[in-house]
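Shown next, in C-alpha cells, is the structure this report addresses.
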Amino acid sequence: MLILNFNDSIDTMVKKKQSKQVEKIKKTSKSFSLLRGFKDILPEHMKYWQYARNVAHELFSDYGYGQIETPILEQTSLYKRTTGEHTDIVTKEMFSFQDRSGDSISMRPEFTPGIARAYIEHGMLNRPQPVKLYSLGPLFRYDRPQAGRYRQFHQLDFEILGDENPVADAEIIFLSYLFCKKLGLDVVIQINSLGQSESRQEYIKILKEYYKSKRRLLCDDCKTRLTKNTLRLLDCKETGCQDLTQSAPQLIDHIDDDSKQHFVRVLEYLDESEVPYELNPYIVRGLDYYNRTAFEVMPVITRPCDEISLEVAPDFVPKPEPLVQAIGGGGRYDGLIEAIGGRPTAGVGMAFGFERVIEAIRQSGKDKAPVKKPQVFLAQLGEEAAKRIFKLFEVLRESGIQTRVNFSKSGLKQQLELADKLKVP
Numbered sequence: 007m008l009i010l011n012f013n014d015s016i017d018t019m020v021k022k023k024q025s026k027q028v029e030k031i032k033k034t035s036k037s038f039s040l041l042r043g044f045k046d047i048l049p050e051h052m053k054y055w056q057y058a059r060n061v062a063h064e065l066f067s068d069y070g071y072g073q074i075e076t077p078i079l080e081q082t083s084l085y086k087r088t089t090g091e092h093t094d095i096v097t098k099e100m101f102s103f104q105d106r107s108g109d110s111i112s113m114r115p116e117f118t119p120g121i122a123r124a125y126i127e128h129g130m131l132n133r134p135q136p137v138k139l140y141s142l143g144p145l146f147r148y149d150r151p152q153a154g155r156y157r158q159f160h161q162l163d164f165e166i167l168g169d170e171n172p173v174a175d176a177e178i179i180f181l182s183y184l185f186c187k188k189l190g191l192d193v194v195i196q197i198n199s200l201g202q203s204e205s206r207q208e209y210i211k212i213l214k215e216y217y218k219s220k221r222r223l224l225c226d227d228c229k230t231r232l233t234k235n236t237l238r239l240l241d242c243k244e245t246g247c248q249d250l251t252q253s254a255p256q257l258i259d260h261i262d263d264d265s266k267q268h269f270v271r272v273l274e275y276l277d278e279s280e281v282p283y284e285l286n287p288y289i290v291r292g293l294d295y296y297n298r299t300a301f302e303v304m305p306v307i308t309r310p311c312d313e314i315s316l317e318v319a320p321d322f323v324p325k326p327e328p329l330v331q332a333i334g335g336g337g338r339y340d341g342l343i344e345a346i347g348g349r350p351t352a353g354v355g356m357a358f359g360f361e362r363v364i365e366a367i368r369q370s371g372k373d374k375a376p377v378k379k380p381q382v383f384l385a386q387l388g389e390e391a392a393k394r395i396f397k398l399f400e401v402l403r404e405s406g407i408q409t410r411v412n413f414s415k416s417g418l419k420q421q422l423e424l425a426d427k428l429k430v431p
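In the numbering used here, each number is its position in the sequence shown, counted from 1, plus 6.
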C-alpha cells in the first residue's frame, strides 16, 4: 500500500447528497431490460472468454489456419440453398427482413455458408489447396431460450476446403479434441457416417416406412419432419421420439461402400492419434449439406458419488459420463461449394458453441483462465497527491506491476476498504 499525503484541502462528498442524486436518477430514467434469449457477458465472466479465444487463436495459427471474418448479414437465399429450405433453422429460427431495395436479408445463423460464399467470391479456389480457415463471432437464431441456447450466441468455426482425403476429417476432429484438451476439458467424440446422397435417399425411404405406422406417437415437430426432413427424426430430444429411435433402422447399415471405406480410414486416423470416440448411429446433424462423416463433441464429467455409495463400496470410482448437451459438432460437406456456384470442391468443418464451452469450463472445476491479481494499490490524499499518482500509476503499469487506484474516493478509510475488497496484498 502506497499513501501520498499533502497539506492540500481534502474534498469530501456528502453521503446524503449522493443518495438524493441516485434517487433522482432512478425516478427520471426509464427502465430497460435484456431482450428474451440474449445475454450480457459481465467482466467477471470475460476472463473465461478471453482465455478460450486466446487458446483458439494460438492453436489454429500453429496449424496453419487463416482467420476470416464474414458479414453478419447475408442474402436469405444463401441459407435456403445451403442450410436447407426445410430445416428448422431456415423455416423457424432465422432473423430475416427486407431491406429498402426489397431484398430478403438474414442475420447469419451459422458460419459455413458465408465462408463458402467468400471462398468462391474471392477466388480461393485458385489458391494452393486445401484452404484452411477459422472464424469466431456472434450468430443469431430465433430459438426457444433454454439452458445453453440463446438467440444471440457465439461460435468458433474451422474449415478445410479442397481436400476429400479422410485425413482432413480426422484433422478437424483431432483439433476439436485438442482445443478442449488445452482448455482442461475431458470430451468424447460421437461419430457417424451419413454416406452419399444416393444411398441416403434409399435409407430415408426405409426410415419413412418404419415410422409410417408410428406417426401418432411422434411429437408435432417430428410429424412434420417425417415428410420434409426425415433424418431429423433420429436426433429429436423428446423422450417418446427417442424411444422410437432406439428400434429404428441404422443409417450406417445402408451407406454406400465408398463411404464405408472412407469412414473406416477416418477411424483409423483417430485411433492413431488416440482421440477418444464412440460410434453413434443416430448423429445426423440438422443441416442439409452434410455427407459422409458427421460428429459431435460431448463433454465428460465425473458424477460425485453420495455417502451411501461410499459406505457400500469405499473403493468405488465414479464413472465419467458425457453431458447430455454437445458443445460442438460438424462433418463433411463435399457438395456445398458446387451448390452455390463454385466448381466441385470437397469440404469438412466443425463449430463449437462458445457459450457451452465456457459453461463446460466452469462446471469442470479445471479453471485455467489466468487472472491478473493487483499487486499495488495507490492511495492518495489531496489533489496534489492525485496528480502525482496519476503519473506514477502509468510508470508502474509499464513496468508490468498490476496496480489499482481510485481517484473518486478521497478519504483514506474508503480507499483502504476498497484495497481490501480488491485483495491487494
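Every residue gets a Cβ at the ideal spot worked out from N, C-alpha and C, and that includes glycine.
Since this is a predicted model, take the numbers as computed values, not measurements.
Kindly list the residues whose CB is nearer than 8 Å to the CB of residue i, restricted to its own chain and excluding five residues on each side of it in sequence; keep chain order.
i: T76; result: R114, F117, G120, I121, R123, A124, S141
i: V20; result: In this predicted model, V20 has a pLDDT of only 42, less than 50, meaning its place in the structure is not dependable; the value taken from the coordinates is given anyway. Excluding sequence neighbours, V20 sits near nothing in its chain.
i: D46; result: L40
i: Q81; result: D109, S110, I111, S112
i: E361; result: K45, G154, Y156, F159, H160
i: P105; result: Correcting the residue identity first, residue 105 is Asp in this sequence and not Pro. Counting only Cβ-Cβ distances below 8 Å, and skipping sequence neighbours, we find I111.
i: I314; result: Here I314 scores only 34 on pLDDT, less than 50, and its place in the model is too uncertain to base an answer on.
i: V61; result: F185, K188, L189
i: I195; result: I179, S182, Y183, L276, V281, P282, Y283, E284, F301, E302, V303, M304
i: K220; result: L250
i: E317; result: Note that E317 scores 40 on pLDDT, short of 50, meaning its location in the model is unreliable and no value can be drawn from it.
i: P320; result: Below a pLDDT of 50, predicted positions are generally treated as unreliable, and P320, at 43, falls in that range; the measurement from the model is reported next regardless. Nothing listed; no residue qualifies.
i: M130; result: A124, V137, L167
Around the Cβ of residue i, are there at least 16 other Cβ atoms within 10 angstroms (buried) or fewer (exposed)?
i: A153; result: exposed
i: L285; result: exposed
i: V290; result: buried
i: K138; result: buried
i: S253; result: exposed
i: R42; result: exposed
i: P350; result: exposed
i: P255; result: exposed
i: E94; result: The sequence as given places Asp at residue 94; Glu does not occur at that position. Counting Cβ neighbours within 10 Å, D94 comes out buried, since at least 16 surround it.
i: P134; result: exposed
i: D277; result: exposed
i: G246; result: exposed
i: V222; result: It is worth fixing the name first, because residue 222 is Arg in this sequence and not Val. That one is exposed.
i: G371; result: exposed
i: P432; result: This structure does not reach residue 432, given that the chain is present from 7 up to 431, and the question cannot be answered.
i: I301; result: In the sequence on display, residue 301 carries Phe and not Ile. F301 should be labelled buried.
i: T233; result: exposed
i: F146; result: buried
i: L167; result: buried
i: P49; result: exposed
i: P144; result: exposed
i: M52; result: exposed
i: E165; result: buried
i: F66; result: buried
i: I407; result: exposed
Between which two residues does the beta strand (DSSP E) harbouring residue i extend?
i: A357; result: 353–359
i: Q408; result: Segment: none, Q408 is in no beta strand (DSSP E) and carries neither H nor E.
i: F159; result: 158–167
i: F103; result: 102–104
i: Q196; result: 193–199
i: Q81; result: 79–81
i: P144; result: 137–146
i: E116; result: Here E116 belongs to no beta strand (DSSP E), and DSSP marks it neither H nor E.
i: R338; result: 334–338
i: E284; result: 283–285
Looking only at its chain, what residues have a beta carbon closer than 7 Å to the beta carbon of residue i, apart from the 5 residues adjacent to it on each side?
i: Y296; result: L200, G337, R338, Y339
i: Y288; result: L240, D241, T251
i: Y275; result: P172, V173, A176
i: A352; result: G168, D169, E170, D340
Need the endpoints of the alpha helix (DSSP H) that residue i sits in, please.
i: G246; result: 245–251
i: M52; result: 49–68
i: R271; result: 263–278
i: Y296; result: Note, Y296: premise wrong, no alpha helix (DSSP H); not H, not E.
i: Y217; result: 203–218
i: E3; result: A question about residue 3 goes unanswered here, because the residues of the chain that appear run from 7 up to 431.
i: Y183; result: 172–188
i: L232; result: 226–234
Ordered along the chain, which non-local residues of its own chain (more than five positions away) have a Cβ less than 6 Å from that of residue i?
i: R155; result: D149
i: S279; result: F180
i: L237; result: V290
i: I261; result: S199, G201, S205
i: D163; result: F117, S141, A357
(request) Determine contact between the stretch 205–214 and the stretch 266–279, defined as no fewer than three beta-carbon pairs at a distance below 8 Å. (result) By the Cβ rule, the stretch 205–214 does not count as touching the stretch 266–279, because fewer than three pairs are nearer than 8 Å.
(message) Does the stretch 68–83 come into contact with the stretch 211–229, if we say contact requires no fewer than three beta-carbon pairs (one atom in each stretch) closer than 8 Å?
(response) Contact between the stretch 68–83 and the stretch 211–229 is absent: fewer than three C-beta pairs spanning the two stretches fall below 8 Å.
(message) With three or more C-beta pairs closer than 8 Å as the rule, is the stretch 163–183 touching the stretch 81–94?
(response) By the C-beta criterion, the stretch 81–94 is judged not to be in contact with the stretch 163–183, since fewer than 3 inter-stretch pairs fall below 8 Å.
(request) Determine contact between the stretch 163–173 and the stretch 361–369, defined as no fewer than three beta-carbon pairs at a distance below 8 Å. (result) Under the three-pair Cβ rule at 8 Å, the stretch 163–173 does not count as touching the stretch 361–369.
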